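Enquirer: One structure is given below, represented as structure tokens, and several questions about it will come after.
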Amino acid sequence: MKKLALHWQIIIGLVLGILWALLSSAIGWSSFTIDWIAPFGTIFINLLKLIAVPLVLFSIINGVAGIGDPASLGRMGGKTLLAYLITTVFAVAVGLVLVNLIGPGKLMDQESRIDNRISYEIWANSQGYQIKDGINYLQDPKFMERAKKITDLSRAELQDASVSSKLETADSAKQSGPLQPLVDIVPQNFFSALADNGLMLQVIFFGLFFGISLLFIPNEKSKPVIEVVDSIMEVFLKMVDLVMKAAPFFVFALLAGVVSKMAGDDISKVVEIFKGLSWYSLTVVLGLAFMIFVVYPALFKIFIKKVSYTGFFKAMGPAQTLAFSTSSSAATLPVTMECVEDNLGVDKKVTSFVLPIGATVNMDGTCLYQAVAVVFLAQMHMIDLTLGQQLTIVLTATLASIGSAAVPSAGLVMLIIVLESVGLNPAWIAIIFPVDRILDMMRTVVNVTGDATVCSIIAKGEGLFNYNADKDPNEDWKLKEKA
Ligand code: ASP
């Protein structure tokens with residue numbers, strides 16, 4: 001009997017996980033699910049992350065050494081960064097257009113928008129921010145009573161514990177000078193860079209430095225190192241295969257845990273959470289779907305031609321389903337690399353260099369979501385953002401998505417910086433917090449697909465793209481299973 005493709009197995013695990021969570025919530029078993037099933041989901045993410053950090057290191061060294069000469073490396077590096085930047089800015093633009101067209105924040109009832117507006121003005125005054133759209137409800141005597149009531153509310157908002165820890169993280173990110181991000185890329189201790197998952201850029205820096213230096217030493221000295229690195233890469237990829245065999249079960253546990261934590265012992269809570277934020281969520285989902293189903297396939301059609309619409313999704317299926325389940329591009333990276341190499345036929349020289357960088361700096365889904373979220377929050381507080389402010393969003397969302405670590409909720413933390421850049425209250429992340437996890441899962445799929453698309457285009461340009469349309473994308477997984 002033909003074995004079901006891996007991504008279908010993962011999707012079945014995913015659906016069963018959600019169903020199990022809903023069932024266990026209905027019969028009051030949520031804490032059983034959280035105590036006895038969810039930990040396997042955490043083990044899964046830990047396993048993937050365990051592989052991801054050393055894999056990034058060895059893969060970058062391998063990629064640089066594989067490219068061979070510093071000039072081609074520079075050319076490919078330049079093209080890669082430019083392509084990542086273009087797709088990111090495009091994604092922010094898609095987000096801005098959609099949120100302005102749909103206006104999800106304007107669809108709320110007028111009374112609560114006025115309350116929101118007043119609380120915004122109170123906050124802006126307390127922070128010394130200048131209100132740019134010229135409206136001032138606080139000066140209007142007819143809103144005096146409401147203003148008094150709302151002052152307490154906004155104070156309570158700011159004290160929300162889950163928000164304040166995120167505010168602190170973002171605060172330390174922005175207190176530094178303009179060149180701090182550059183300084184942060186250069187580790188002073190390689191081992192502490194390896195030990196901290198958030199420091200992937202430092203690991204990439206070290207890998208590049210090591211790989212480039214390798215190119216400048218005599219052949220007889222570099223050859224054994226390159227061979228060892230190559231073999232170590234193989235070991236890590238084998239580890240991915242082994243973990244992936246159990247992926248459907250792990251994904252079941254992961255989803256059962258995530259949904260149970262949301263629902264507790266009351267399923268209706270999930271529905272309630274989504275009701276209030278449904279237009280906002282819909283706008284984000286629409287933008288993300290546009291990137292996945294229109295933009296990336298169109299880029300494939302324009303630049304690569306060979307790959308059919310369904311062929312593209314078949315090839316990327318395992319990575320996409322995994323990105324959805326784990327909410328982490330870093331954890332998905334090992335599988336993204338396998339999909340792009342084995343199923344799309346991109347040469348290892350390109351994947352091992354372009355994808356680890358992409359997983360860290362290229363987040364089209366994240367920046368699209370940030371653009372939508374900021375404008376939505378402004379709309380629901382009756383704030384009209386000027387053109388200048390919207391352009392600031394393009395800039396800061398691009399930078400914030402580059403700075404976001406490839407882990408769950410990183411985009412939400414960096415959203416604080418985007419909000420502040422246009423003078424909005426960072427504590428508002430609390431408003432969209434309830435639906436963030438599910439949107440995070442979806443934007444991570446876009447992040448991963450964007451990386452794979454750029455990687456394939458770069459490979460095509462370098463003549464290192466050998467797609468075989470007749471090949472069964474699951475063949476490799478099956479062969480590996482037999483091996
Ligand atoms: N979870 C996303 C990723 O890993 C980042 C984010 O948007 O929070 O790609």
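Note that the sequence shown ends on residue 483 in this note's numbering; no numbers are left out. Ideal Cβ placement from N, Cα and C applies to all residues, glycine included. All figures in this text were calculated on a predicted structure; none of them were measured in a lab.
Have a look at Tyr-137 and Val-375 and give me their C-alpha separation to the nearest angstrom.
Expert: Residue 137 sits at position 137 when you count from the first residue of the sequence shown. Residue 375 sits at position 375 when you count from the first residue of the sequence shown. Straight-line Cα distance between these residues: approximately 20 Å.
Enquirer: Cα separation between Met-382 and Pro-434?
Expert: Along the sequence shown, one-based indexing puts residue 382 at 382. Along the sequence shown, one-based indexing puts residue 434 at 434. Computed Cα separation, rounded: 22 Å.
Enquirer: Are Phe-210 and Pro-187 close, meaning C-beta to C-beta below 9 Å?
Expert: Position 210 of the sequence shown, counted from the start, is the residue given in the question as residue 210. Position 187 of the sequence shown, counted from the start, is the residue given in the question as residue 187. It is not a contact, given that the beta carbons lie outside the stated cut-off.
Enquirer: Closer than 8 Å to a non-hydrogen atom of the ligand ASP - does that hold for the CB of Gly-287?
Expert: The sequence position of residue 287 within the sequence shown is 287, counting from 1. Result no, Cβ not under 8 Å from the ligand ASP.
Enquirer: What residue range is occupied by the uninterrupted alpha helix (DSSP H) comprising Ser-352?
Expert: Here the question's residue 352 lines up with position 352 in the sequence shown. Here the alpha helix (DSSP H) through Ser-352 covers 348–361.
Enquirer: Can you check which of these residues, Leu-14, Ile-27, Ala-93 and Ile-10, is closest to Leu-391 by C-alpha distance?
Expert: As a working mapping, residue 391 is identified with position 391 in the sequence shown. It is Ala-93 whose Cα lies nearest to the Cα of Leu-391.
Enquirer: Quick one: is Asp-35 buried, meaning 16 or more other Cβ sit within 10 Å of its Cβ, or exposed?
Expert: Here residue 35 corresponds to residue number 35 of the sequence shown, with the count starting at 1. Exposed, since its Cβ has fewer than 16 Cβ neighbours within 10 Å.
Enquirer: Rounded to the nearest angstrom, what separates Ala-483 and Val-240 at their Cα positions?
Expert: Residue numbering aside, residue 483 sits at position 483 when the sequence shown is read from its first letter. Residue numbering aside, residue 240 sits at position 240 when the sequence shown is read from its first letter. Reliability fails at Ala-483, whose pLDDT of 45 lies under 50, so the model's placement of it is uncertain and the value that follows must be treated cautiously. Roughly 14 Å separates the two Cα atoms.
Enquirer: Quick one: give me the first and last residue of the alpha helix (DSSP H) that Gln-188 is part of.
Expert: In the sequence shown, the residue the question calls residue 188 occupies position 188. Neither: Gln-188 is in no alpha helix (DSSP H) and is coded neither H nor E.
Enquirer: Name the DSSP beta bridge partners of Phe-465, please?
Expert: Position 465 of the sequence shown holds residue 465. Phe-465 is bridged to Val-346.
Enquirer: Does the beta carbon of Leu-50 fall short of 8 Å from some heavy atom of the ligand ASP?
Expert: Residue mapping note: residue 50 aligns to position 50 of the sequence shown, counting from 1. Every heavy atom of the ligand ASP is 8 Å or more from the Cβ of Leu-50, so no.
Enquirer: Cβ of Ser-231 within 8 Å of any heavy atom in the ligand ASP?
Expert: In the sequence shown, the residue the question calls residue 231 occupies position 231. Checking every heavy atom of the ligand ASP against the Cβ of Ser-231, none is found closer than 8 Å.
Enquirer: Counting Cβ pairs closer than 8 Å, one from the segment 456–463 and one from the segment 324–334, do we hit at least three?
Expert: Cβ pair count under 8 Å is below three, so no.
Enquirer: Tell me, to the nearest whole angstrom, how far the beta carbon of Gly-41 is from that of Gly-257; I am working on the premise that it is less than 8 Å.
Expert: Stepping through the sequence shown from its first residue, residue 41 is reached at position 41. Stepping through the sequence shown from its first residue, residue 257 is reached at position 257. That pair is a contact at about 5 Å.
Enquirer: Mind checking which residues open and close the alpha helix (DSSP H) that includes Ile-425?
Expert: Numbered from its first residue, the sequence shown carries residue 425 at position 425. Just to set this straight, residue 425 is Asn in the shown sequence, not Ile. It is not in any alpha helix (DSSP H) - Asn-425 carries neither H nor E in the DSSP assignment.
Enquirer: Count the other C-beta atoms from every protein chain shown that fall within 10 angstroms of the C-beta of Leu-14, then say buried if there are 16 or more, exposed otherwise.
Expert: As a position in the sequence shown, residue 14 is number 14, starting the count at 1. It counts as buried.
Enquirer: Label Pro-70 either buried or exposed according to how many other C-beta atoms from any shown protein chain fall within 10 Å of its C-beta, with 16 as the threshold for buried.
Expert: Against the sequence shown, residue 70 aligns to sequence position 70. That one is exposed.
Enquirer: Is Thr-366 a contact residue of the ligand ASP, with contact defined as CB to any heavy atom under 8 Å?
Expert: Residue 366 sits at position 366 when you count from the first residue of the sequence shown. Indeed, a heavy atom of the ligand ASP lies less than 8 Å from the Cβ.
Enquirer: Can you tell which of Ile-212, Ile-131 and Phe-191 has the C-alpha that lies nearest to the C-alpha of Gly-74?
Expert: Working through the sequence shown from its first residue, we reach residue 74 at position 74. Cα-wise, what sits closest to Gly-74 is Ile-212.
Enquirer: So which of Val-448, Leu-55, Ser-31 and Leu-19 has the shortest CA-CA distance to Ala-315?
Expert: The residue you call residue 315 lines up with position 315 of the sequence shown. Selected option, being the one with the closest Cα: Val-448.
Enquirer: Return yes when the C-beta of Ser-325 is under 8 Å from any heavy atom of the ligand ASP, and no when it is not.
Expert: By one-based count along the sequence shown, residue 325 stands at place 325. No, since every heavy atom of the ligand ASP falls outside the 8 Å radius drawn around the Cβ of Ser-325.
Enquirer: Find out if the Cβ-Cβ distance for the pair Ala-405, Gln-370 is shorter than 9 Å.
Expert: As a first step, residue 405 is located in the sequence shown; it is residue number 405 there, counting from the start. As a first step, residue 370 is located in the sequence shown; it is residue number 370 there, counting from the start. No; because the gap between Cβ atoms is not below 9 Å, this pair is not in contact.
Enquirer: By alpha-carbon positions, which one of Leu-237, Ala-469 and Glu-121 ends up nearest to Val-53?
Expert: In the sequence shown, counting from the first residue as 1, residue 53 sits at position 53. Answer by Cα proximity: Leu-237.
Enquirer: Whose C-beta lies closer than 6 Å to the C-beta of Leu-490 among residues of the same chain, with five residues either side of it excluded?
Expert: The structure shown does not extend to residue 490, since the chain spans only 1 to 483, so no value can be given for it.
Enquirer: Which residue wins for smallest C-alpha separation from Met-76, given the options Lys-132, Val-407 and Val-64?
Expert: Residue numbering aside, residue 76 sits at position 76 when the sequence shown is read from its first letter. Ranking Lys-132, Val-407 and Val-64 by Cα distance to Met-76 puts Val-64 first.
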